[in-house]
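Residue numbers (the working numbering): -8 to 385.
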């Protein structure tokens, strides 16, 4: 079995990390002047903070795994941080809970790991019959039908026995085969190993002998991973040589084989405790649970992650999803609450009713707007929120 390398989330970094800038009057592009919102200084939304933390963590994994030299670390981080200034795709919303899970997965990643959990960080917002470019644009598990329209249209999963378009999605009891949704295969029925995850009924997978077998966890030494549809049993990790025990304190590690146990990290070739209060930290020496490594400074030290009401200097001092306001970690205001330039993700701090800002929901396509900052699509054309109609390459 060939070695699996760390999956890159460059596209996620670029798309998930929009800066809260405001579109010019009547235009459809993000950027430009600030449309009258008072200057409250630099602030970071949960999405921006996620992007910056992910840039640091990913680069640390690459350096530890040997795919990036020490000299290239700062340049790679800077390149990824540039992506954090790009706008969020118009049909997506940032999911803070999924973002936290993604960061946790990367913090404990071995070099072979692919971060499936990170695919949920951007969730689709387009409802049924709305315009879309790809399946991920659609909400509630629907898919983007691009068979006859440009852009596509979000459709419900196709029922058993019905024709299904290319890249379409069948209902839970069916899977696409030769352009039609057919019934999933029962236990002991013949299946195709090349499509191990979708053919068999729930609770089963296409296993050895190309038959649908009960889904199970792989044991030590057995093949594992997406190709086989198998996850390793508790306490094991999926490596290039199959499932292997996670390494204990003091064990020799190289980043390519089995990873260290969850509370440890591979530092200078040995499984070592993660940093606690006051420990020096960097890309190669992460902090343990409850502590964070500041993103700035020549020498960094693990500091406690602060909760609501705790004193702070910057947003990076606070727990994920909080902001540092007036020296205290605070949750961001939600719909209807007063604001000072910043609201929870997906909301706008509006000054339409006077000098005191109030958080409002972003407007869907077809709503009246003054600029792109008011729209879910970030696009306001001729005073109407508009979904860009650019079709993707097929």
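The beta carbon of each residue, even a glycine, is placed where N, CA and C say it ideally should be. Quantities reported herein were computed from a predicted structural model and do not represent experimental measurements.
- Excluding residues up to 5 positions away in sequence, 166 lie with their Cβ nearer than 6 Å to the Cβ of residue 189 in the same chain.
- Annotation for residue 159: 134, 136, 149 and 167 place their beta carbon closer than 7 Å to its own, counting only its chain and skipping 5 residues before and after.
- Around the CB of residue 240, fewer than 16 other CB atoms lie within 10 Å, so the residue is classed as exposed.
- Separation of residue 328 and residue 282 (C-alpha to C-alpha, rounded to the nearest whole angstrom) is 30 Å.
- In this structure, DSSP gives residue 186 a helical state, which the three-state scheme calls helix.
- When the Cα atoms are used, residue 127 and residue 37 turn out to be separated by approximately 21 Å.
- Contact annotation, residue 79 with residue 45: C-beta distance approximately 14 Å; criterion of less than 8 Å not satisfied.
- For residue 363, no pairing in a beta bridge is given by DSSP.
- Judged by DSSP secondary structure, residue 233 falls within the beta strand (DSSP E) whose first and last residues are 233 to 236.
- Where residue 320 is concerned, the enclosing beta strand (DSSP E) starts and stops at 319 to 322.
- Of the residues assessed, residue 237 falls on the buried side of the cut-off, its CB having 16 or more other CB atoms within 10 angstroms.
- Across the set 208, 369 and 376, the C-alpha of 369 shows the shortest separation from the C-alpha of residue 77.
- Around the beta carbon of residue 211, a 10 Å sphere encloses fewer than 16 other beta carbons of the protein chains shown; the residue is thus reported as exposed.
- Every beta strand (DSSP E) of 3 residues or more that sits fully in the stretch 118 to 156 is shown, in chain order, as 134 to 136 and 143 to 146.
- A check of alpha carbon separations from residue 112 across 84, 119 and 308 identifies 84 as the nearest.
- Taking all protein chains in view, the Cβ of residue 117 is crowded by 16 or more other Cβ atoms within 10 Å, so the residue is classified as buried.
- Between residue 269 and residue 245, the C-beta gap is not smaller than 8 Å, which leaves the two residues out of contact.
- Proximity to residue 123 across 98, 374, 142 and 205 peaks at 142, based on C-alpha coordinates.
- With respect to the 8 Å criterion, residue 275 and residue 296 are not classified as neighbours on the basis of their beta carbons.
- C-alpha of residue 87 to C-alpha of residue 110: approximately 13 Å in a straight line.
- Look at residue 115 here: in three-state DSSP terms it is strand.
- Along the stretch 270 to 338, the beta strand (DSSP E) occurs as fully enclosed runs of 3 or more residues at 313 to 316 and 319 to 322, listed in sequence order.
- Within the model, the alpha-carbon separation for residue 225 versus residue 181 is close to 29 Å.
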